[in-house]
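Input: a single structure, listed below in structure tokens.
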Amino acid sequence: METPLWTMAVVIVACIIGAYAALLLKKASANISFSFKFLFSKELVTSVGLYGFSTLMFIPALKFGELSVLYPLVATTYIWTSLFAIKFLGEKMNFLKWLGVLVILIGVSFIGVGGR
1 METPLWTMAV VIVACIIGAY AALLLKKASA NISFSFKFLF SKELVTSVGL
51 YGFSTLMFIP ALKFGELSVL YPLVATTYIW TSLFAIKFLG EKMNFLKWLG
101 VLVILIGVSF IGVGGR
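Under the working numbering, the first residue of the sequence shown is numbered 1, with each subsequent residue one higher.
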């Protein structure tokens, strides 16, 4: 089975959504309290909803693409999460973190090209 390009695009978009959900989860954790009210905080509810939506996006891609090609693309979530953390949380990236991003990009590229 050849993996269509659109399935890869869907997985990448799902990963971006998942990374944004992680950002919201981080923001929600700043207000964590072990109360019933926390379970319904805007950031937490939105984060869980986005995680669910990204998972639902992934399912049709799996139907038409190879798992061995699509699932490694999920590693791009680490890249998107890092970029969101820099932009929205003011986190800093050092040389080793950027090197890790580069290694992920290279690995995902090899898998993507190998699946075409």
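Virtual Cβ for every residue (Gly too), placed ideally from N, Cα, C. Please read these numbers as outputs of a predicted model, since none were measured by experiment.
Original post:
Based on Cα-Cα distance, which residue from Lys-63, Phe-34, Thr-77 and Val-69 lies nearest to Tyr-51?
Top reply: Thr-77
Original post:
Among Met-1, Thr-81 and Ser-35, which residue has its Cα nearest to the Cα of Ala-22?
Top reply: Thr-81
**OP:** Leaving out five residues on either side along the sequence, give the residues of the same chain with a beta carbon under 8 Å from the beta carbon of Ile-32.
**Re:** Phe-38
Original post:
Comparing alpha-carbon positions, which option in Thr-55, Ala-28, Met-8 and Met-1 lies nearest Gly-18?
Top reply: Thr-55
Subject >> Host alpha helix (DSSP H) of Gly-65 (start-end) >> reply: Neither: Gly-65 is in no alpha helix (DSSP H) and is coded neither H nor E.
Original post:
Buried or exposed: where does Ile-106 fall if 16 or more other Cβ atoms within 10 Å of its Cβ makes it buried?
Top reply: exposed
**OP:** Could you tell me the distance, in whole angstroms, from the CA atom of Phe-36 to the CA atom of Thr-46?
**Re:** 16 Å
**OP:** Assuming Pro-72 and Ile-111 form a contact by the criterion Cβ under 8 Å, report the distance between their Cβ atoms to the nearest whole angstrom.
**Re:** 5 Å
Original post:
In its own chain, which residues sit with a C-beta less than 7 Å from the C-beta of Tyr-20, not counting the 5 before and 5 after it?
Top reply: Leu-50 and Phe-84
**OP:** Could you check which residue in Cys-15, Leu-89 and Val-69 has the C-alpha nearest to that of Ala-28?
**Re:** Leu-89
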